[in-house]
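For reference, the structure is listed below as structure tokens.
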Amino acid sequence: MSSSRTFENKQPQRQASSGFDFLKGVGQVTGGTLLSITMLTSSIVAGALVGLAISFRNLPDVRQLRNFLPSETTYIYDIKGKLLTSVHGEANREVVPLDRISPNLKRAVLASEDSHFYDHHGINPSGVGRAVVVNAVAGGVREGGSTITMQLVKNLFLSQKRAFTRKLAEGVLAIRLEQILSKDQILEMYLNQVYWGHNNYGVQTAARSYFDKSAETLTLGESAMMAGLIQAPEEFSPFVSMKLAKQKQKEVLGRMLELNWIDQQDYDNALKQEIKLGRIRSFQGSALPYVTNTVAQELAKKFGRDTLLKGGMRVQTTVDANFQKMAEETVVKWHKTLLGEGLSKNQMALVSVDPRTHFVKALVGGVDPKTSEFNRATQAQRQPGSSFKPFVYYTAFASGKFTPDTTVVDAPVSYRDGNGWYYPKNYDGGFSGPMPIRTALAQSRNIPVIKVGKAVGMNRVIETCRTLGIMSPMEPVTSLPLGAIGVTPLEMASAYATFANYGWQSPPTIIARITDSSGNVLLDNTPKPQLVLDPWASAAILDVMQTVVNSGTGKGAALSDRPAAGKTGTTSSEKDIWFVGTVPQLTTAVWVGRDDNRQLASGATGGVMVAPVWRDFMQKALKGVPAEKFKSPSQFTRPKSN
Numbered sequence: 001m002s003s004s005r006t007f008e009n010k011q012p013q014r015q016a017s018s019g020f021d022f023l024k025g026v027g028q029v030t031g032g033t034l035l036s037i038t039m040l041t042s043s044i045v046a047g048a049l050v051g052l053a054i055s056f057r058n059l060p061d062v063r064q065l066r067n068f069l070p071s072e073t074t075y076i077y078d079i080k081g082k083l084l085t086s087v088h089g090e091a092n093r094e095v096v097p098l099d100r101i102s103p104n105l106k107r108a109v110l111a112s113e114d115s116h117f118y119d120h121h122g123i124n125p126s127g128v129g130r131a132v133v134v135n136a137v138a139g140g141v142r143e144g145g146s147t148i149t150m151q152l153v154k155n156l157f158l159s160q161k162r163a164f165t166r167k168l169a170e171g172v173l174a175i176r177l178e179q180i181l182s183k184d185q186i187l188e189m190y191l192n193q194v195y196w197g198h199n200n201y202g203v204q205t206a207a208r209s210y211f212d213k214s215a216e217t218l219t220l221g222e223s224a225m226m227a228g229l230i231q232a233p234e235e236f237s238p239f240v241s242m243k244l245a246k247q248k249q250k251e252v253l254g255r256m257l258e259l260n261w262i263d264q265q266d267y268d269n270a271l272k273q274e275i276k277l278g279r280i281r282s283f284q285g286s287a288l289p290y291v292t293n294t295v296a297q298e299l300a301k302k303f304g305r306d307t308l309l310k311g312g313m314r315v316q317t318t319v320d321a322n323f324q325k326m327a328e329e330t331v332v333k334w335h336k337t338l339l340g341e342g343l344s345k346n347q348m349a350l351v352s353v354d355p356r357t358h359f360v361k362a363l364v365g366g367v368d369p370k371t372s373e374f375n376r377a378t379q380a381q382r383q384p385g386s387s388f389k390p391f392v393y394y395t396a397f398a399s400g401k402f403t404p405d406t407t408v409v410d411a412p413v414s415y416r417d418g419n420g421w422y423y424p425k426n427y428d429g430g431f432s433g434p435m436p437i438r439t440a441l442a443q444s445r446n447i448p449v450i451k452v453g454k455a456v457g458m459n460r461v462i463e464t465c466r467t468l469g470i471m472s473p474m475e476p477v478t479s480l481p482l483g484a485i486g487v488t489p490l491e492m493a494s495a496y497a498t499f500a501n502y503g504w505q506s507p508p509t510i511i512a513r514i515t516d517s518s519g520n521v522l523l524d525n526t527p528k529p530q531l532v533l534d535p536w537a538s539a540a541i542l543d544v545m546q547t548v549v550n551s552g553t554g555k556g557a558a559l560s561d562r563p564a565a566g567k568t569g570t571t572s573s574e575k576d577i578w579f580v581g582t583v584p585q586l587t588t589a590v591w592v593g594r595d596d597n598r599q600l601a602s603g604a605t606g607g608v609m610v611a612p613v614w615r616d617f618m619q620k621a622l623k624g625v626p627a628e629k630f631k632s633p634s635q636f637t638r639p640k641s642n
């Protein structure tokens with residue numbers, strides 16, 4: 001809380017009130033009679049409240065407000081600080097210290113709500129007395145007489161129901177509060193707590209919504225208009241009626257002039273000032289829903305949903321908004337193209353990861369987030385098909401027993417499978433005889449990879465997958481090397497990124513950094529890479545996957561200006577088709593399939609239909625990025641046979 005006064009509080013010419021004309025509607029009571037009754041009643045009320053302060057034992061303990069943290073909105077930004085969305089519960093609020101609130105606004109609020117704030121001790125006996133008289137004459141509760149301190153304790157502790165007993169409780173709590181907090185602390189808390197309309201709680205979110213600026217820079221005219229909102233924010237909102245908003249602004253400025261807190265020229269200039277409205281922000285959607293929804297889920301998992309909605313976190317993502325939009329536009333474009341090629345009802349997902357940091361750079365979970373919030377990039381468990389094969393061959397290379405030039409035989413084979421026999425087949429139904437592993441992967445032959453998997457042990461293949469972050473259930477069955485498991489595009493992109501960084505891995509993340517609203521760091525995801533794979537074996541699988549792109553099933557992914565490594569993936573019955581590939585600076589996985597898990601089209605393959613999507617995206621993504629070559633396996637020490 002701020003502890004210094006930030007403006008001079010000139011003595012007013014008459015008592016303040018919570019309205020502008022407490023005497024209006026009093027009827028037959030004359031001015032002199034009213035004054036006498038008010039003075040008498042004020043004395044009685046003041047004495048009664050002091051007595052009640054001792055006897056009201058069951059009221060809330062205001063001492064807890066010393067450590068009070070109001071619920072605050074969480075803000076999610078892109079890597080460059082562009083606001084993507086805000087997440088909040090009922091209260092859309094951003095807390096700011098008193099010295100970062102315009103003196104114009106503080107003065108306007110005090111003039112409107114409690115001009116003797118810095119003089120009383122929680123209650124203003126004259127104001128309360130006057131309210132009692134007006135309410136008695138009116139035959140009901142018409143006038144509040146509340147000080148800012150009373151309004152604050154009402155908002156924090158008491159129901160909104162108007163009743164005499166509640167008003168007494170407000171007074172008691174206000175007196176208690178003023179004994180433990182300074183005036184500036186109370187004013188700061190009030191300005192950050194009060195409701196300003198359109199789901200804006202606190203002065204900062206209100207200033208941003210109404211005038212598209214910080215509370216610190218509000219002009220006198222804007223401040224007076226905002227102060228006029230407090231008593232009935234939706235009714236006097238300039239978004240609802242600029243005429244009524246200007247009327248309340250004039251009343252507040254008139255009160256400030258009457259108190260000698262502004263002069264006539266200030267008054268005239270403020271009324272003439274053009275009001276430039278912002279926009280109602282609190283219920284707007286996210287600019288990048290796939291990114292921000294993923295972030296919100298991560299925050300809820302790590303900190304709890306209550307903290308997400310009320311904790312006022314500032315979250316910097318790893319995603320650049322323009323880069324993400326380019327990725328989304330690429331997906332939409334190719335979705336339409338593939339529809340034209342016969343892939344009806346196709347859905348797509350794209351995930352791009354920087355292999356040097358494992359920061360997610362783009363995450364597209366579908367064709368249109370407006371029609372489906374399901375995030376296929378992080379939530380869809382789909383079979384990777386042949387894009388799983390590099391995990392098997394890496395495991396073989398890491399064993400020290402195999403190299404890219406080791407010969408395997410592509411010939412008919414059979415394996416015991418439970419009570420029967422398993423006869424693996426290649427995609428084309430034929431057999432090609434002896435060939436090096438390089439060729440077997442480039443041509444995506446099935447039988448060689450199964451043989452290699454059996455030779456190194458399926459459990460070791462599963463260990464490799466776990467190290468790479470693939471956590472789906474896996475059994476060491478003969479068909480495992482053909483990718484008969486469920487993985488997400490994010491898992492595939494992250495796994496290939498570890499290859500691209502020669503075995504060095506950081507936890508994949510879409511969140512770079514989180515602070516609270518005061519700037520205290522809650523989470524810092526600065527990469528801390530660990531060597532989790534064998535560097536030679538990683539370089540070797542990258543070398544083989546370059547052959548896939550240069551002369552194998554992934555030729556459609558070849559980039560014109562730089563080497564690339566990757567692997568196609570096509571599952572049985574063409575239900576899932578993939579291309580996962582990388583350059584040294586960026587790894588991207590693209591998946592195409594149907595949500596109902598039915599066949600896309602007969603003959604649909606990752607090489608023909610997905611590799612061009614990957615190439616198109618990567619050419620845009622790498623524009624202006626210097627071309628780099630992969631490190632040769634010869635730069636690393638080959639592991640000894642084990």
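In terms of the UniProt record's numbering, the sequence shown opens at residue 1 and continues consecutively.
Backbone N, C-alpha and C define an ideal beta-carbon position, used for all residues, glycine too.
Within this structure, are the beta carbons of residue 395 and residue 449 separated by less than 7 Å?
In the sequence shown, residue 395 corresponds to position 395, counting from 1. In the sequence shown, residue 449 corresponds to position 449, counting from 1. Cβ distance not < 7 Å, so residue 395 and residue 449 don't count as in contact.
Between the segment 504-523 and the segment 409-427, are three or more C-beta pairs nearer than 8 Å?
no
Where the alpha helix (DSSP H) containing residue 485 begins and where it ends
Taking the sequence shown and counting its residues from 1, the one referred to as residue 485 is at position 485. No alpha helix (DSSP H) holds residue 485; DSSP gives it neither H nor E.
What is the DSSP secondary structure of residue 582, reduced to helix, strand or coil?
Working through the sequence shown from its first residue, we reach residue 582 at position 582. For residue 582, the secondary structure class from DSSP, reduced to helix, strand or coil, is strand.
I'd like the span of the beta strand (DSSP E) that includes residue 383, first residue to last.
Here residue 383 refers to the residue found at position 383 of the sequence shown. Residue 383: not part of any beta strand (DSSP E); DSSP gives it neither H nor E.
Am I right that residue 224 and residue 253 are in contact with their C-beta atoms under 8 Å? What's the rounded C-beta distance?
For the purposes of this step, residue 224 is taken as the residue at position 224 of the sequence shown. For the purposes of this step, residue 253 is taken as the residue at position 253 of the sequence shown. Sure, about 5 Å apart at Cβ, within 8 Å.
Identify which residue in 589, 377, 107 has its Cα closest to the Cα of residue 227.
Here residue 227 refers to the residue found at position 227 when the sequence shown is read from its first residue. Here the closest residue by C-alpha is 107.
For residue 537, which residues from the same chain have a beta carbon less than 7 Å from its beta carbon, with the 5 sequence-adjacent residues on both sides left out?
For this step, residue 537 is matched to residue 537 along the sequence shown. Contacts found: 394, 397, 398, 639.
Residue from 192, 525, 517 with nearest C-alpha to residue 312
As a first step, residue 312 must be located in the sequence shown, where it is residue number 312. Each of 192, 525, 517 was checked against the Cα of residue 312, and the nearest Cα belongs to 517.
Of all the options 74, 491, 339, 403, which has the alpha carbon lying nearest to the alpha carbon of residue 387?
Along the sequence shown, one-based indexing puts residue 387 at 387. When the alpha-carbon of residue 387 is set against those of 74, 491, 339, 403, the nearest one is in 491.
Span of the alpha helix (DSSP H) holding residue 112?
Counted from its first residue, the sequence shown places residue 112 at position 112. From DSSP, the alpha helix (DSSP H) with residue 112 extends over 103-113.
Extent of the continuous beta strand (DSSP E) run through residue 639:
One-based indexing of the sequence shown puts residue 639 at position 639. Per DSSP, residue 639 belongs to no beta strand (DSSP E) and is neither H nor E.
Close Cβ partners of residue 295 (< 8 Å) along its chain, the five nearest in sequence each way excluded
Sequence index remark: in the sequence shown, residue 295 carries index 295 (1-based). Once the five neighbours on either side are set aside, the close Cβ partners of residue 295 are 76, 315, 317, 510, 511.
Quick check: the Cα distance between residue 379 and residue 488, rounded to an integer number of angstroms?
For this step, residue 379 is matched to residue 379 along the sequence shown. For this step, residue 488 is matched to residue 488 along the sequence shown. One C-alpha to the other measures close to 7 Å.
Rounded to whole angstroms, how far is the Cβ of residue 350 from the Cβ of residue 319, which I believe are closer than 8 Å?
The residue labelled residue 350 in the question sits at position 350 within the sequence shown. The residue labelled residue 319 in the question sits at position 319 within the sequence shown. Incorrect: roughly 12 Å between the Cβ atoms, too far for contact.
Would you check whether the ligand SAH has a heavy atom nearer than 6 Å to the C-beta of residue 105?
Among the ligands in the structure shown, none appear at all, so the ligand SAH cannot be discussed.
Taking all protein chains shown into account, decide if residue 628 is buried (16 or more other Cβ within 10 angstroms of its Cβ) or exposed.
Within the sequence shown, the letter at position 628 stands for residue 628. Answer is exposed; the Cβ neighbour count stays below 16.
Can you check DSSP and say which residues form a bridge with residue 354?
Along the sequence shown, read from residue 1 onward, the residue named residue 354 stands at position 354. In DSSP, residue 354 forms a bridge with 359.
Here's the rule I'm using: 16 or more other beta-carbon atoms within 10 Å means buried, otherwise exposed. How should residue 589 be labelled?
Counting from one through the sequence shown, the residue named residue 589 turns up at place 589. So residue 589 counts as buried.
Assign residue 411 to buried or exposed, taking buried as 16 or more other Cβ atoms, counted over all protein chains shown, within 10 Å of its Cβ.
Working through the sequence shown from its first residue, we reach residue 411 at position 411. Exposed, because fewer than 16 other Cβ atoms sit within 10 Å of the Cβ of residue 411.
Report the residue from 385, 418, 374, 440 whose alpha carbon sits nearest the alpha carbon of residue 406.
In the sequence shown, residue 406 corresponds to position 406, counting from 1. With distances taken between Cα atoms, residue 406 lies closest to 440.
For residue 55, I'd like the list of residues in its chain whose CB is within less than 6 Å of its CB, leaving aside the five on either flank, ordered along the chain.
Stepping through the sequence shown from its first residue, residue 55 is reached at position 55. Per-residue confidence for residue 55 stands at a pLDDT of 46, beneath the threshold of 50, marking its modelled position as unreliable; the derived number appears in the next sentence. Leaving aside the five residues that flank residue 55 on each side, none in its chain has a CB nearer than 6 Å to its CB.
Taking the straight line between their C-alpha atoms, what separation do you get for residue 163 and residue 170?
Here residue 163 refers to the residue found at position 163 of the sequence shown. Here residue 170 refers to the residue found at position 170 of the sequence shown. Low confidence applies here, because residue 163 scores a pLDDT of 47, under 50, leaving its location unreliable and the question unanswered by this model.
Would you call residue 147 buried or exposed, if buried means 16 or more other Cβ atoms sit within 10 Å of its Cβ?
Within the sequence shown, the letter at position 147 stands for residue 147. It is buried - the Cβ of residue 147 has at least 16 other Cβ atoms within 10 Å.
Span separating the alpha-carbon of residue 352 from that of residue 156
One-based indexing of the sequence shown puts residue 352 at position 352. One-based indexing of the sequence shown puts residue 156 at position 156. Each residue's Cα considered, the two are about 46 Å apart.
Bridge partners - residue 420, DSSP secondary structure assignment
Within the sequence shown, the letter at position 420 stands for residue 420. BP columns for residue 420 point to 417.
In chain order, each beta strand (DSSP E) run of at least 3 residues that lies wholly inside the segment 564-636:
565-570, 576-583, 586-593
In this structure, how does DSSP classify residue 334 when only helix, strand and coil are distinguished?
As a first step, residue 334 must be located in the sequence shown, where it is residue number 334. In this structure, residue 334 counts as helix in the three-state DSSP scheme.
Nearest candidate by alpha-carbon position, reference residue 652, set 357, 73, 415, 595:
Since the first and last residues shown for the chain are 1 and 642, residue 652 lies out of range.
Quick check on DSSP: helix, strand or coil for residue 348?
The residue given as residue 348 occupies position 348 in the sequence shown. Note: residue 348 maps to strand in three-state DSSP.
Please specify which runs of the alpha helix (DSSP H), each continuous and at least 4 residues long, are wholly inside the segment 508-567, giving them in chain order.
535-551
Residues sharing a beta bridge with residue 233, DSSP:
The sequence position of residue 233 within the sequence shown is 233, counting from 1. Per DSSP, residue 233 has no beta bridge partner at all.
Assigned exposure category for residue 634 - 16 Cβ within 10 Å defines buried
Counting from 1 along the sequence shown, the entry for residue 634 is found at position 634. Burial call: exposed.
May I ask which residues mark the beginning and end of the beta strand (DSSP E) holding residue 436?
As a first step, residue 436 is located in the sequence shown; it is residue number 436 there, counting from the start. Its beta strand (DSSP E) spans residues 433-436.
Can you tell me the Cβ-Cβ gap for residue 153 and residue 177, rounded? I've got them flagged as a contact below 8 Å.
Along the sequence shown, read from residue 1 onward, the residue named residue 153 stands at position 153. Along the sequence shown, read from residue 1 onward, the residue named residue 177 stands at position 177. Confirmed, about 6 Å.
Tell me, to the nearest whole angstrom, how far the beta carbon of residue 290 is from that of residue 207; I am working on the premise that it is less than 8 Å.
Sequence index remark: in the sequence shown, residue 290 carries index 290 (1-based). Sequence index remark: in the sequence shown, residue 207 carries index 207 (1-based). Actually they do not touch by this definition, with Cβ atoms about 30 Å apart.
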